[in-house]
Amino acid sequence: MPDWAPGSETAGGEAIPLSALQHAVYCLRQAALIHLERLWADNRFTAEGDVLHAVADKGGSRKARGVRRVMALPLACKRLNLAGVADVVEFPGWPDDEIPCPVEYKRGKPKLHRADEVQLCAQGFCLEEMTGLTVPHGVLFYAETRRRVSVPCDRDLRQLTEATVASLAAVFRSRQTPGPTLQTSRCRACSLKELCRPETVSRPVKAWRRRMLNGALEAEAP
């Protein structure tokens, strides 16, 4: 389930949940359905994700091999009006040089889109504001591959993350859920497909595009 903890709800104009950003990159309509309309539907993928996050959600802190690990750490960024909870934040170099590194647990494997990276970078923004230190990178751990993927918080990712926050903030301010777009491969994997019903718009839009194209061709014909 999405993290709708007190203080992170958007209905009252509160902070944008960090978890909403991955939904916004995947599909802005999906983000609005979940975080404005409070619609949610589990499928196998979301259930597996819930199990994966259960361990990190227990919270606590551990120290080993020169790294301090803090689980379920509350995060906030006033500049971008963000709030949420990090699965794990590692502080390598403990106890002398503690540069924060957010670690996000994901089911599956690395994806072609950058939704996971944007969520991770947003956690980095929070940690930078909270600690006054620069967060050079974060880590994504994928359960399917059992591997850690280091994600540099470079200029491109930071710009994409801030643009995503701005787009989502505009949707929340308007309190209007964007309409469905033409169906894509992402729709097939979305747990909200039956609630979203993108086909109700995609068929009329496709028909309209065909009519417009045919009309343009007829107008150009000698």
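Residue numbers for the sequence shown follow my numbering, so the first one is 933 and each next one is one higher.
Note that the Cβ used here is the ideal one computed from N, Cα and C, for glycine as well.
Any idea what DSSP makes of residue i, helix, strand or coil?
| i | result |
| --- | --- |
| R1105 | helix |
| E1036 | strand |
| R1046 | coil |
| I966 | helix |
| R1053 | According to the sequence shown, residue 1053 is Cys rather than Arg. Note: C1053 maps to helix in three-state DSSP. |
| A1075 | coil |
| K1041 | coil |
| L953 | helix |
| E1030 | coil |
Give me whichever residues DSSP pairs with residue i in a beta bridge.
| i | result |
| --- | --- |
| G1070 | V1083 |
| Y958 | According to DSSP, Y958 bridges with nothing at all. |
| L1014 | I948 and C1009 |
Does the Cβ of residue i have 16 or more other Cβ atoms within 10 Å, making it buried, or fewer, making it exposed?
| i | result |
| --- | --- |
| T1093 | buried |
| Q1091 | exposed |
| P949 | buried |
| P1084 | exposed |
| L1124 | buried |
| R1080 | exposed |
| H1045 | exposed |
| S1082 | exposed |
| A1121 | exposed |
| S1106 | exposed |
| Q1055 | buried |
Checking 7 Å against the spacing of the C-beta atoms, do residue i and residue j come in under that value?
| i | j | result |
| --- | --- | --- |
| V1017 | L953 | no |
| V1067 | A964 | no |
| V957 | T1077 | no |
| F1023 | R1000 | yes |
| A1015 | A947 | yes |
So which of the options has the shortest CA-CA distance to residue i?
| i | options | result |
| --- | --- | --- |
| R1039 | W972, A1101 and F1073 | F1073 |
| G1064 | C959, C1009 and P1130 | C1009 |
| P1032 | L1005, P1042, D1088 and L960 | L1005 |
Given 6 Å as the limit, tell me if residue i has its C-beta closer than that to any heavy atom belonging to the ligand SAM.
| i | result |
| --- | --- |
| G1056 | The model depicted lacks the ligand SAM and carries no ligand whatsoever. |
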